[in-house]
Each structure stands twice: as C-alpha cells, then as structure tokens.
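This report refers to the structure that appears directly beneath it.
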Amino acid sequence: MGYEPIHNHGIIGNMYTTALVGLNGAINWFCFPSHDSPSVFAALLDAQKGGHFKISPMTNQVTHKQLYWPETNVLITRFLTPEGVGEIADFMPVGMKAQDLGYQWLVRRVRVIRGCMDFSMECHPAFNYARDEHQATISSVGAVFHTTSLNLELSTDIPLQQSGSGVEAKFTLHSGEIAAFVLRETSPESGCGLPLTQLQADDLFKRTIKYWRGWLEQCTYKGRWREIVHRSALVLKLLTYEPTGAIIASPTCSLPEKIGGDRNWDYRYTWIRDAAFTVYALLKLGFTEEASKFMNWIDCRCHERNPDGSLQTMYGIDGRHDLKEEILDNLEGYKGSSPVRIGNAAYKQSQLDIYGELMDSVYLYNKHGEPISYDMWTELRDLINWVCDNWQQQDQGIWEVRGKEQPFVYSKLMCWVAVDRGLRLADKRSFPADRERWYLVRDQIYEEIMAQGWNASREAFVQYYGSTSLDASNLMMPLVFFLSPTDPRMLKTIDAINQSPDQGGLVYNSLVYRYNVEESPDGLTGEEGTFNICTFWLVEALARAGKVDSDRLDESRLIFEEMLGHANHLGLYGEETDLSGKTIGNFPLALTHLSLISAAYNLNRALDE
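The sequence shown maps to residues 1214 to 1822 in our numbering.
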C-alpha cells in the first residue's frame, strides 16, 4: 500500500482503545483490547507486514475527503468519483453496556449517497505487532481470525474471499444502500455472530452520535476558537482509559521525530508530567468527572512509591510499574524509521520536574474540583519532604534525555512549584506540615534558579546551570507563577527564545524547537522537528505579558492562529511539525491538545481584558 502520511489520519475510539483511519479508507493502526495492547493493524509501522483494514472505491478517479460528524468522534471518510459519492462512517460504540452491543466493537458503515459505486475491502490483520501467526475461517456471515491469545471476528453480510491469512471482498452499492463491517472479539467456539442489518447499523450510528454530543454539552468554554477547543477536548476523551481514569500521552508508538531517524518512542502510557496540564484543561472546560477520575489514578500512584520514596515518571494505564522497552526487529518502522520500540525505558529515569506538575494538579483540583482527603495529603506531604531532600540532584529532565544528567533549570523550577503548592495547600486546608522547612527550601530553590539558571551574557534563563543554550520549557516560568510575565528577565528570555535558530533562538516561522540539539547533546543522534507544545507555551507566555503590552498580545494571537493552520484536516496535532509543515512523531498527542486548550483559554481571557 505504501505509507499514508501521519497527518492524513483521523482517530476513533471508545475510552478503551483507539484506531487511526487514513484518508484512503484504511485503518493503519489499531491495538486491542486496550490502548497499550499489541497491535492488530500496524501498517503505519510496516506497510507490508504490519496489517491493515482498507475499504476504498475501485477507481483511480477519486477525491478523498474526511470530516468528523459535528461535535462527535464519529469519523466520515468520503469518496467523490465520476460515478457517484460514497462514504465510510467509522466509530466504536460508546455509552452502552457490554451486553448492549459492547465497547469491543469497531464498526465501519459503508454507504453510497449518490449514484453507484464499486468497492474493494481488504482485512489483513497482523497480530501482536505482526509476530503471531493466525488462521482465517470464512462463513456466510463473515470471518474469524484465530490466534493462540486472541480471536477476532469480522461480521458482515458481504461475501468474503480468503487471501492468505486475510480476507477480501468486492461489492457494489447503489444510492441509499448500506454495507456494515463489524470487528469484535469472539471465542473460538462461538464462531461469527450475525451481521448488522441496515436498521441496526443506523441505530448504532445514531446512539453513538447522541453520546458524544451529550458529553460535549458539558463543556463550559464559550470563548474564541471554540470549534478547535471542542475538538481537542474530544481527542482527550478518546485518550482516556475508562477503567482507571488514566490518560495516555498518545495512542501510537515509534512514529519518528525525524523520518529515517531513531528518535522513536512508545507513548501509550500515562506520564505524571501530564497531570497538571490535564487537570487544568479538564477543569477549565467543565469536565469535572474526567478530572476526578484522573485524580483518583494519581492518588493510587502516590500510594505506590518507590522504596526511596520517589515516584516513577510514568506508569501503565492500569497502574503497572514495569514498562520494559523492547525493539521490534520484524517491523521496518514508518518509512524505514527504525528501530521500532515498544515499552519505554524512561520509566526508570530520574525526572525531578514531575513533583511540581503533580502538586500543581492536586492544588488546582482542590481549588476548582473537590477537596482532597487527609490520607492523600499525608502521601503528598511525604513527597514534598522527599523533594526537600533531593531537589539539588541532577536528572534527565522534562525531555527525558538519554545522555548525561544535568542540573536542568526546568527541573529546579518544578521542584519550587512542588514546595510552593504544598505550602499553599497546607494553608488553604490547615493541613499539618513542616512549614518552616518548606519555606526555607522554597526560597533556596528560588534564589539558586535566579543566580545559576540565569545567564547574563545570553540575557536569558538557560537549559541547565552553566549552560549557554536555551530551552523552551523555561517559558513555563510565568505560567506557574514563578516570575511575573512582565519581569524584565522573563521578557528577555521570551525575546531570546523568540528568535530564529540562525540568530540563536528557537523559533522558526512561529514554530518552536524545544532546544538546540547541536548545542545540547541529548545522547541521541539526528535531528528533530519543532515541538508543538512549545509553540503553545510561547503563545501563552506572550499572552500573559500582553496584558500590559498590546504588541506582545498581538504577536501571541498571530502565532496562535498560525499554529492553528498546522493542524491536520480534522483539527488534530501530533507531537512535532517538520520544516515542510508535515506532522511527525506520535499522533495525536494529548499534551499538544492540552497546551492548545490552555493557550486558547488564557489568550481569549487576555483579549477580553
């Protein structure tokens, strides 16, 4: 098939797992039964062996379009041909009990709107990242794919033909006719269930739309750019894991940060770092239930600390601690970008910033959600004491470098946030705490950052003590109230970052690099694209500074609206954008959409004020 570009995909899901559907009508990524399960379709990581599920018209004269049914996660892929117009509605049923059509269904409803159209269907699964063999059995009502660990059925009333270990079909639909394909788990004994009738397919389609619209009605955001904020909220909901409330960083693994490079990571896990961004965005949009579930997940992790009292940087969606990293030699990687990795060794790293993000999320939830319990406070108090004992250590930092540990400024900043939010929370709730020590440590961190994190020759805060290199994570300083957004040092840092790379900055046509990889070796080879989250951080830092400087506010809005143009055709963002404007890295990325929501909220407020 060749590789469908990363940005040519939409996402569907059911809060247990997701699938990526290309403009060409192919499902190129699908893990089952949960987000971090082995893949069933992985053509994004190997176009030949990875497996795919494609439905397309049998003509070369076709124009492809893709859109979401308004205010939902039901994806429409439309085909315009000289003979007629057809479309696929892809969705997973949500909001229904397991016995009432169940969360395990992936539904593809094909129909012709006008004229007549010939379609081809190819379903070629490749279980367990194409490592497990399987057998296909065809019946009059579909096919069953058997493996030693998983059995999936493809239910349809379209006659199927076996093709190797997959199945294919050719069929014709006239205006108003519908064909439905349902992929779901089955037992070896039960065989293939009855296919959906047209009436059942329509009913399931309507009920799924009703669920998504009902969920989105909870959103309280009424500001500018509402449509893109709504889309970001819908993406975040898809990336949640219903049983635990965890939110994954991305549904994909090993999509490269540079085509042909080796910066390929598995993001199907939950980072402590994302906690503050997640809780802030959900609460600001009015989604208190999701914020509460995620906070419960955080609470559980606080009770599972390492023997030395620390937390891991990330965990499995079910709370598991072991995320062993492996290389899949049998897959070539997206457009030959190897190695393909599953698991993530960064879970073993020391990243001191996570405690600030954790405490900020708890502080926000206690303020805007529900009061936290005393039992949770006792765990948090121990964590803050751990930070007081360990904040001077070096670590791998927010960007999870695989090189030498450093005294990263952002890590020290977030240690300050951890202690500061602990003090605020203790005073707000009159909780018992070692306030005298906490005040002393908080001030020590502050003064050390100002003395050693500031580089007088660069006139900016730098990446780590003694460095002369910039780091976009320092744009967070005014966002976490470490510095005033109009503090002269902060303005100079913003101005230094907001220069092109050939002038020593990190911004290329409104797109922001996280740091200069040539100046700051990170233990990896090759280059990377601009980081989308960093662009939204720049927007928000400028917006906050712009409350007293209209020029900065104007620039903030310009960068934000230029960044909106880098979303794909559905309003989705991946991790990075390359110099040609294409999406690279894992896709879609929760942290990008979280930072978009925060930037939109605060920019809109600054413009109103």
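Note that CB positions come from ideal geometry on N, CA and C, so glycine has one too. Here the structure is a predicted model, which is why all the values come from computation and not from measurement.
- What are the start and end residues of the alpha helix (DSSP H) that includes residue 1701? As a working mapping, residue 1701 is identified with position 488 in the sequence shown. Unbroken alpha helix (DSSP H) run through residue 1701: 1701 to 1710.
- In angstroms with no decimal places, state the Cα-to-Cα distance between residue 1744 and residue 1725. By 1-based counting over the sequence shown, the position of residue 1744 is 531. By 1-based counting over the sequence shown, the position of residue 1725 is 512. Cα to Cα, residue 1744 sits roughly 6 Å from residue 1725.
- Item | Three-pair Cβ contact test at 8 Å for the segment 1424 to 1438 versus the segment 1808 to 1816 | yes
- Roughly how far, in whole angstroms, is the beta-carbon of residue 1699 from the beta-carbon of residue 1674, given that I think they are within contact range, below 8 Å? Here residue 1699 refers to the residue found at position 486 when the sequence shown is read from its first residue. Here residue 1674 refers to the residue found at position 461 when the sequence shown is read from its first residue. About 15 Å separates the two Cβ atoms, so there is no contact after all.
- Query: Would you say residue 1616 and residue 1469 are within 8 Å of each other, going by their C-beta atoms?
  - Reply: Indexing the sequence shown from 1 puts residue 1616 at position 403. Indexing the sequence shown from 1 puts residue 1469 at position 256. No, the Cβ-Cβ distance between residue 1616 and residue 1469 is not below 8 Å.
- With a 10 Å radius around its C-beta and 16 neighbouring C-beta atoms as the bar for buried, classify residue 1718 as buried or exposed. Counting from one through the sequence shown, the residue named residue 1718 turns up at place 505. The residue is buried, with at least 16 neighbouring Cβ atoms inside 10 Å.
- May I ask you to list the residues that DSSP assigns as paired with residue 1368? Counting from one through the sequence shown, the residue named residue 1368 turns up at place 155. Beta-bridge pairing links residue 1368 to 1355 and 1395.
- Residues in its own chain within less than 8 Å of residue 1582 by CB, not counting five upstream and five downstream? Taking the sequence shown and counting its residues from 1, the one referred to as residue 1582 is at position 369. Counting only Cβ-Cβ distances below 8 Å, and skipping sequence neighbours, we find 1492, 1496, 1501, 1504, 1505 and 1508.
- Task: Give, in chain order, every unbroken run of the alpha helix (DSSP H) that is at least 4 residues long and sits entirely within the segment 1576 to 1659.
- Result: Complete alpha helix (DSSP H) runs here, min 4: 1587 to 1603 and 1622 to 1642.
- 6 Å Cβ shell around residue 1779 - same chain, five flanking residues per side excluded: For the purposes of this step, residue 1779 is identified with residue 566 of the sequence shown, where counting begins at 1. Closer than 6 Å at the Cβ level, and outside the excluded window around residue 1779, lie 1790.
- Let me know if residue 1527 comes out buried or exposed under the rule of 16 or more other beta-carbons within 10 Å of its beta-carbon. The residue labelled residue 1527 in the question sits at position 314 within the sequence shown. Buried, because 16 or more other Cβ atoms sit within 10 Å of the Cβ of residue 1527.
- Candidates 1338, 1297 and 1283, of which the one nearest residue 1241 by Cα: Along the sequence shown, read from residue 1 onward, the residue named residue 1241 stands at position 28. Residue 1338 is the option with its Cα nearest to residue 1241.
- Message: Quick check on the burial criterion: 16 or more other C-beta atoms within 10 angstroms. Buried or exposed for residue 1259?
- Response: For this step, residue 1259 is matched to residue 46 along the sequence shown. By the neighbour-count rule (16 or more Cβ atoms within 10 Å), residue 1259 is buried.
- Task: Spatial neighbours of residue 1278 within its chain, please: CB distance less than 6 Å, with the 5 preceding and 5 following residues excluded, ordered by chain position.
- Result: Numbered from its first residue, the sequence shown carries residue 1278 at position 65. Result list for residue 1278: 1291, in chain order.
- Query: Is residue 1674 helix, strand or coil when you go by DSSP?
  - Reply: On the sequence shown, residue 1674 is found 461 positions in, with the first residue counted as 1. Here residue 1674 sits in strand by DSSP.
- Message: Buried or exposed, going by whether 16 or more other CB atoms sit within 10 Å of the CB of residue 1228?
- Response: Taking the sequence shown and counting its residues from 1, one reaches residue 1228 at position 15. Residue 1228 should be labelled buried.
- Task: Under 6 Å Cβ to Cβ from residue 1453, same chain only, skipping five residues before and after it: list those, please.
- Result: For the purposes of this step, residue 1453 is taken as the residue at position 240 of the sequence shown. Closer than 6 Å at Cβ, skipping near neighbours: 1228 and 1460.
- Query: Helix, strand or coil for residue 1714 per DSSP?
  - Reply: Within the sequence shown, residue 1714 is the residue found at index 501, counting from 1. In this structure, residue 1714 counts as helix in the three-state DSSP scheme.
- Message: Relative to the C-alpha of residue 1348, which candidate in 1364, 1250, 1333 and 1800 has its C-alpha closest?
- Response: As a working mapping, residue 1348 is identified with position 135 in the sequence shown. Closest option to residue 1348, judged by alpha-carbon separation, among 1364, 1250, 1333 and 1800: 1364.
- Query: When DSSP builds the beta bridges, which residues end up paired with residue 1686?
  - Reply: Taking the sequence shown and counting its residues from 1, one reaches residue 1686 at position 473. According to DSSP, residue 1686 bridges with nothing at all.
- Query: Which first and last residues belong to the beta strand (DSSP E) in which residue 1232 is found?
  - Reply: In the sequence shown, residue 1232 corresponds to position 19, counting from 1. Residue 1232 -> beta strand (DSSP E) spans 1231 to 1235.
- Message: So within the segment 1742 to 1786, which uninterrupted alpha helix (DSSP H) runs reach at least 4 residues, ignoring any that extend past its ends?
- Response: 1745 to 1758 and 1763 to 1777
- Taking one C-beta from the segment 1749 to 1761 and one from the segment 1686 to 1698 each time, how about it: are there three or more such pairs within less than 8 Å? yes
- Hey, out of 1575, 1250 and 1635, whose CA is closest to residue 1646's CA? Reading the sequence shown from its first residue, position 433 is the one you call residue 1646. Per the Cα distances, 1635.
- Message: On the DSSP bridge list, what partners appear for residue 1720?
- Response: Position 507 of the sequence shown, counted from the start, is the residue given in the question as residue 1720. Partner(s): 1725.
- Query: Looking at the structure shown, is residue 1300 part of a helix, part of a strand, or coil, going by DSSP?
  - Reply: One-based indexing of the sequence shown puts residue 1300 at position 87. Strand at residue 1300.
- Residues in its own chain within less than 7 Å of residue 1390 by CB, not counting five upstream and five downstream? On the sequence shown, residue 1390 is found 177 positions in, with the first residue counted as 1. Result list for residue 1390: 1324 and 1325, in chain order.
- Message: Could you tell me the alpha carbon to alpha carbon distance between residue 1741 and residue 1729, rounded to whole angstroms?
- Response: Here the question's residue 1741 lines up with position 528 in the sequence shown. Here the question's residue 1729 lines up with position 516 in the sequence shown. Taking the straight line joining both Cα atoms gives about 10 Å.
- Looking at the unbroken alpha helix (DSSP H) that takes in residue 1376, where does it start and where does it end? As a working mapping, residue 1376 is identified with position 163 in the sequence shown. First-last for residue 1376: 1374 to 1376, but that is the beta strand (DSSP E), not the alpha helix (DSSP H).
- Short Cβ contact (8 Å threshold) for residue 1797 with residue 1723: The sequence position of residue 1797 within the sequence shown is 584, counting from 1. The sequence position of residue 1723 within the sequence shown is 510, counting from 1. Against a cut-off of 8 Å, the Cβ pair of residue 1723 and residue 1797 comes out as no contact.
- Item | Cβ pair residue 1619, residue 1605 closer than 8 Å | Here the question's residue 1619 lines up with position 406 in the sequence shown. Here the question's residue 1605 lines up with position 392 in the sequence shown. The answer is no: Cβ separation not under 8 Å.
- To the nearest angstrom, report how far apart residue 1499 and residue 1226 are at their CA atoms. Here residue 1499 refers to the residue found at position 286 when the sequence shown is read from its first residue. Here residue 1226 refers to the residue found at position 13 when the sequence shown is read from its first residue. Each residue's alpha carbon lies about 22 Å from the other.
- residue 1317 versus residue 1568: straight-line alpha-carbon distance, rounded: Walking along the sequence shown from the start, residue 1317 turns up at place 104. Walking along the sequence shown from the start, residue 1568 turns up at place 355. One C-alpha to the other measures close to 36 Å.
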